[in-house]
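**Q**
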Amino acid sequence: MELSLATRTVGEHTVLEVGGEVDVYTAPRLRERLLELIDGGARHVVVDLGRVDFLDSTGLGVLVGALKRLRTAGGSFALVCDKEPLLKIFRITALDQVFPLHPTVDAAVGAEPTGANA
Amino acid sequence: MATVRLSFSPAPVHVRTARLVGVAVARRAGVREDLLDEVRLAIGEACTRAVALHRQYGLPDPVLVEMSDAGSYAVRVVDRAPIEAGIGLTALPPDELANESLTDEALTTGVGFALLAGFVEDLQVRPVDEGVGTEVRMVWPVGR
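Chains as they are written, first to last, in my numbering: chain S, 1 to 118; chain U, 1001 to 1144.
1. Could you tell me whether any Cβ in chain U is nearer than 8 Å to the Cβ of S/G74?
2. Against chain U, with Cβ distances strictly below 8 Å, would S/I92 count as a contact?
3. On the DSSP bridge assignment, give the partners of U/E1135 in chain order.
4. For U/G1044 and chain S, any beta-carbon pair shorter than 8 Å?
5. Chain S partners of U/A1098, CB-CB under 7 Å?
6. Name, in chain order, the residues that DSSP records as bridge partners for S/T7.
7. Please classify U/V1120: does DSSP put it in a helix, a strand, or coil?
8. Which same chain residues, not among the five before or five after S/R69, have their C-beta less than 6 Å away from its C-beta?
9. Do we get a CB-CB distance below 8 Å when we pair S/S4 with the residues of chain U?
10. Just the C-alpha distance for U/D1079 and U/L1123, rounded to the nearest angstrom, thanks.
11. Give me the residue from U/V1004, U/G1044, U/G1110 with the minimum Cα distance to S/G61.
12. Give a yes or no on whether the C-beta atoms belonging to U/A1074 and U/R1126 are separated by under 8 Å.
13. Along the stretch 1060 to 1079 of chain U, where does the CB come closer than 9 Å to a CB of chain S? Name the residues.
14. Assign S/V18 to one of two classes, buried (16 or more other C-beta atoms within 10 Å of its C-beta) or exposed (fewer than that).
15. DSSP puts U/V1051 in a beta bridge; with which residues?
If you want it as structure tokens, here you go:
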């Protein structure tokens, strides 16, 4: 399935909903969109992988790139994922120790204090 | 023994095709349904790695994928890049993954190898028998 990208705002968070296949061919489009969001001023970004049915190392590399960029800018980055096959990918690569992973967007937004509790 | 061979010009757009074919042949060969996601990911990673090497070295040669089901499901992904480029694969420890100095290419390579090693029990990365290049060989059991 083709890559789909949709953005919405939840409080101070920018939620990017990703669907389809994120691989060596489509990952550059995900990278571009994340850069647009960050360059456009988004500082608290949540990427919702709920409708992703394939994710490879190139896609993971793009997500790590966004995490680093937001950390440098004093922002935050979190992922929403509750599918076991995808969670296994994060465990095997040890990236589950790098990304904040949440089962729902609500949990991600609630767990990412944007100010006082940080 | 049924063998399916696929060769494709080293462009990212064709990696998906290789994954689809690889999974179709795996299913036909009798690989368990619950392993097919792993087959799809591993073939994709091996092909992504080969495409990246060909592009890095400016090689127009096709990447070869060969699938056979003689007793088990074996997939070979063959690139034509200089061998020293292909063998030095290492998985990265978690504290290095988000390290600022790590390049995107190094990160993706390390993560790709971690996925291959994590999802394929029977994995070999070795020089091709003839000429220049590296072969990634992956084997899965067949039968229910």
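Just so you know, even glycine gets a beta-carbon here, dropped at the ideal spot from N, CA and C.
Note that the structure is a prediction, hence the values are computed from the model and not measured.
**A** In short, the structure shows the following:
1. no
2. yes
3. U/V1078, U/R1126
4. yes
5. V64, L67, K68, V98
6. S/L16
7. coil
8. I38
9. no
10. 16 Å
11. U/G1110
12. no
13. none
14. buried
15. Looking at the DSSP assignment, U/V1051 forms no beta bridge with any residue, so it has no partner.
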